[in-house]
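Notes follow the structure.
Structure, rendered in structure tokens:
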């Protein structure tokens, strides 16, 4: 059985750092990990949109989505990619940022969501913008890509999903596992400690599923 972990939050909240750390920890146990995000899907859409009908290029080789329906299309495609290519993985991480996670998660099939773990990482808006600038200037990996322009970022990501994820998401989507919310506004060591606790919870839940009733 493949364990699915959604890694959610604003760009700059620490999602990619979390996903990389989870990958490292899973692989150290000798198990297979696979990571998925919607950025590659959206970038492929952007490159195919040669007349700029739904996207506009931005600095640092980035892009803005001017037709926000492409964001929904990307998540539908993301589920299909996970279903088709994750069959050999023990654990997959699924990473994406949206302004409204209630609406975004509703695009996934109920059976796809039901047994998934959801990790939501919170950081305030201006901190996220600052981190995005820093990662682009010091890009070291494929994950260090630009996000929307600052103006669109502030408008699109102005809504905080923290309270919804804490108090409503599990019930509304009938999730088997509680949603984990991590506040990533402090030192990296605190963030890593929180990720260790989350992963321990995931491993414990997996063990329970393997024990015959």
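In our numbering, the protein residues as written are 1374 to 1586.
For glycine and all other residues, C-beta sits at the position ideal for the given N, C-alpha and C.
Item	Value
Proximity of residue 1399 and residue 1490 at Cβ, strictly below 7 Å	no
Extent of the continuous beta strand (DSSP E) to which residue 1417 belongs	It is not in any beta strand (DSSP E) - residue 1417 instead sits in the alpha helix (DSSP H) that spans 1412-1421.
Close-in-space but distant-in-sequence residues of the same chain around residue 1554 (CB under 7 Å, 5 per side omitted)	1493, 1495, 1535, 1538, 1539
Residue 1388 in three-state terms, based on DSSP	helix
Within 7 Å, strictly: CB atoms of residue 1407 and residue 1459	yes
Limits of the alpha helix (DSSP H) - the one that residue 1405 falls within	Element bounds for residue 1405: n/a, residue is neither H nor E.
Proximal residues to residue 1437 (C-beta, below 7 Å), its chain only, five neighbours per side dropped	1428, 1429, 1431, 1521, 1522, 1525
Short Cβ contact (7 Å threshold) for residue 1556 with residue 1469	no
Residues bridged to residue 1489 (per DSSP)	Per DSSP, none; premise fails for residue 1489.
Residue span of the beta strand (DSSP E) that contains residue 1436, given as start and end	1435-1438
Rounded Cβ spacing between residue 1375 and residue 1462 (contact assumed at less than 8 Å)	5 Å
Cβ pair residue 1530, residue 1383 closer than 7 Å	yes
Residue 1581 burial status per 10 Å Cβ neighbour count (16 or more: buried)	exposed
DSSP state of residue 1430 mapped onto helix, strand, coil	strand
Cut-off 6 Å between Cβ atoms - residues of its own chain near residue 1422, not counting five sequence neighbours on either side	1428
Residue nearest to residue 1424 in terms of C-alpha spacing, selected from 1452, 1403, 1414, 1439	1439
4 or more residues per run - each alpha helix (DSSP H) lying fully within the segment 1447-1486	1474-1478
N- and C-terminal bounds of the beta strand (DSSP E) containing residue 1379	1376-1381
Spatial neighbours of residue 1545 in its chain, beta-carbon cut-off 8 Å, leaving aside the 5 residues before and after	1475
Burial state of residue 1568, where buried means 16 or more other Cβ atoms lie within 10 Å	buried
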